[in-house]
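A.B. asks: In the working numbering, the protein residues as written are 85 to 363. We put the CB at the ideal spot given by N, CA and C, even for glycine. I am attaching a structure below and will ask some questions about it afterwards.
In structure tokens, the structure reads:
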């Protein structure tokens, strides 16, 4: 018996041997069959119908999308794009079809990729709802920030490509002892979740780029002073205040007359050198 190989909702293995597995997506039972030779086998499918546009992403790195080929009664699988090359991108569905395999219907979507507009049919089971590495238009903003030392992140340049495909490039470290000025803000989607990013510029103008807001802390950076320096500075200020208060107090006091005491002359005895009181 040959080894079984999984490929885009199909498994290649034993000749004339079929095993069925079941999956459920949006309330629809989907069959993911095992088939002997999917490269040459043909299948039946339903007519292609339009569906509401919806964004998806995939974490699968082994499967592929397939070309649109064959008539309704003669569908064959021909790979055209390997999913491993589209990790940080968004796939948008526009059409659907059900391919009949051994009596079971398997749902496939016709999708367009945000990176290079690649197209193809993909098994719905490989898709997860949500935008991935897409963003909103940047808006003007302001504010001063410093690094959030509780987190470790980077400042990035977004490669030009519009909001449909955002690529993070040129990572730079966030300095701890400087102030960053915010000038723009925007939302970036990753794996279906939204993240707020700021466009910041360092105080020395050498670092510019987009940074996740959680990596920053509101407020300008202020250099810390030592306790001894603070104490000395406080003591000096207190002495100056006291001196000024004393000076103001003395200026308010009225002038007092100085009393002079008349001292009577004294005489000394020539023999004993004793003081003789004057009469």
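Determine which residues share a DSSP beta bridge with residue 226 and list them.
C.D. replies: Numbered from 1 along the chain shown, position 142 holds the residue referred to as residue 226. Bridge partners of residue 226: none, in fact.
A.B. asks: I'd like to know if residue 252 contacts chain C, where contact means its C-beta is closer than 9 Å to some C-beta of that chain.
C.D. replies: The chain labelled as chain C is not found in the depicted structure, where only one protein chain is given.
A.B. asks: Taking 9 Å as the cut-off, decide whether the C-beta atoms of residue 276 and residue 284 are in contact.
C.D. replies: To locate residue 276, count along the chain shown from 1; it is residue 192. To locate residue 284, count along the chain shown from 1; it is residue 200. No.
A.B. asks: Since residue 280 sits in a beta bridge, which residues does DSSP pair it with?
C.D. replies: Here residue 280 refers to the residue found at position 196 of the chain shown. In DSSP, residue 280 forms a bridge with 271.
A.B. asks: Taking the beta carbon of residue 209 as the centre, do at least 16 other beta carbons fall within 10 Å, making it buried, or is it exposed?
C.D. replies: The residue you call residue 209 lines up with position 125 of the chain shown. The residue is buried, with at least 16 neighbouring Cβ atoms inside 10 Å.
A.B. asks: Do the CB positions of residue 150 and residue 211 come within less than 9 Å of each other?
C.D. replies: For the purposes of this step, residue 150 is identified with residue 66 of the chain shown, where counting begins at 1. For the purposes of this step, residue 211 is identified with residue 127 of the chain shown, where counting begins at 1. The answer is no: Cβ separation not under 9 Å.
A.B. asks: Report the CB separation of residue 281 from residue 272 in whole angstroms; it is logged as a contact under 8 Å.
C.D. replies: Taking the chain shown and counting its residues from 1, the one referred to as residue 281 is at position 197. Taking the chain shown and counting its residues from 1, the one referred to as residue 272 is at position 188. Confirmed, Cβ separation roughly 5 Å.
A.B. asks: Looking at the structure shown, is residue 212 part of a helix, part of a strand, or coil, going by DSSP?
C.D. replies: In the chain shown, counting from the first residue as 1, residue 212 sits at position 128. Strand.
A.B. asks: Assuming residue 301 contacts residue 229 under a Cβ cut-off of 8 Å, what Cβ separation, rounded to an integer in Å, is found between them?
C.D. replies: The sequence position of residue 301 within the chain shown is 217, counting from 1. The sequence position of residue 229 within the chain shown is 145, counting from 1. Residue 301 to residue 229, Cβ: 6 Å. Contact.
A.B. asks: For residue 243, collect the residues of the same chain with a Cβ closer than 7 Å to its Cβ; drop the 5 residues on either side in sequence, then sort them by chain order.
C.D. replies: Taking the first residue of the chain shown as 1, we reach residue 243 at position 159. Excluding residues within five positions, the ones whose Cβ falls inside 7 Å are 251 and 253.
A.B. asks: Could you have a look at residue 256 and say whether DSSP puts it in helix, strand or coil?
C.D. replies: As a position in the chain shown, residue 256 is number 172, starting the count at 1. Note: residue 256 maps to strand in three-state DSSP.
A.B. asks: Work out the CA separation of residue 266 and residue 155 for me, nearest whole Å.
C.D. replies: Position 71 of the chain shown holds residue 155. Position 182 of the chain shown holds residue 266. Computed Cα separation, rounded: 56 Å.
A.B. asks: Which residue wins for smallest C-alpha separation from residue 179, given the options 205, 304 and 295?
C.D. replies: As a first step, residue 179 must be located in the chain shown, where it is residue number 95. Answer by Cα proximity: 205.
A.B. asks: Hey, how far is the Cα of residue 367 from the Cα of residue 219?
C.D. replies: This structure cannot speak to residue 367, because the chain is shown only from 85 to 363.
A.B. asks: With DSSP as the reference, label residue 127 as helix, strand or coil.
C.D. replies: Sequence index remark: in the chain shown, residue 127 carries index 43 (1-based). Here residue 127 sits in strand by DSSP.
A.B. asks: According to DSSP, simplified to helix, strand and coil, what is residue 164?
C.D. replies: Mapped onto the chain shown, residue 164 falls at position 80. Of the three classes helix, strand and coil, the one that applies to residue 164 here is strand, per DSSP.
A.B. asks: For residue 134, which residues of its own chain have a beta-carbon under 6 Å away from its beta-carbon, when the five flanking residues on both sides are left out?
C.D. replies: Reading the chain shown from its first residue, position 50 is the one you call residue 134. Result list for residue 134: 179, in chain order.
A.B. asks: Leaving out five residues on either side along the sequence, give the residues of the same chain with a beta carbon under 7 Å from the beta carbon of residue 127.
C.D. replies: To locate residue 127, count along the chain shown from 1; it is residue 43. The residues are 159, 183, 184 and 185.
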